[in-house]
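Each number in the working numbering comes from the position in the sequence shown (counting from 1) with 546 added on. Reading through the structure tokens given below for one structure.
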Amino acid sequence: HNELELVHNGEWMRIDRLVMFEDALWVLDYKRSLLDQQHTATYWQQLARYRAACLALFPGKPVHTALITVDGQLHRPEPSESD
């Protein structure tokens, strides 16, 4: 799904890309810039909220998260930060 809109715990959110496999889900968020230390924590918090919403919608399915930056790089948070 592209640009999936949902509400979780009273917060409206729009997930850029939700990829559904039989055994897991991937939440992908696109960023129009490179990762920088100034914004990284905010991005991981955003992905954690998206992950929590997907876990509630799809109980029992693992949910993985990642950022894809403008240079095509895939960045995953540390397990303690999101997964």
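The beta carbon of each residue, even a glycine, is placed where N, CA and C say it ideally should be. Because the structure is a prediction, the values reported are computed rather than measured.
On the three-state DSSP scale, how would you describe residue i?
i: leucine 613; result: strand
i: arginine 595; result: helix
i: leucine 601; result: helix
Label residue i either buried or exposed according to how many other C-beta atoms from any shown protein chain fall within 10 Å of its C-beta, with 16 as the threshold for buried.
i: valine 553; result: exposed
i: proline 623; result: buried
i: threonine 588; result: exposed
Would you say residue i and residue j are within 8 Å of each other, going by their C-beta atoms?
i: arginine 560; j: glutamate 551; result: yes
i: leucine 571; j: valine 616; result: no
i: valine 609; j: valine 573; result: yes
i: threonine 611; j: arginine 595; result: no
Along the chain, where does the beta strand (DSSP E) containing residue i start, and where does it finish?
i: arginine 563; result: 557-566
i: histidine 547; result: Where histidine 547 is concerned, there is no enclosing beta strand (DSSP E), given that its DSSP letter is neither H nor E.
i: aspartate 569; result: It is not in any beta strand (DSSP E) - aspartate 569 carries neither H nor E in the DSSP assignment.
Which whole-angstrom value is the C-beta distance of residue i and residue j, which I expect to be below 8 Å?
i: leucine 593; j: aspartate 575; result: 6 Å
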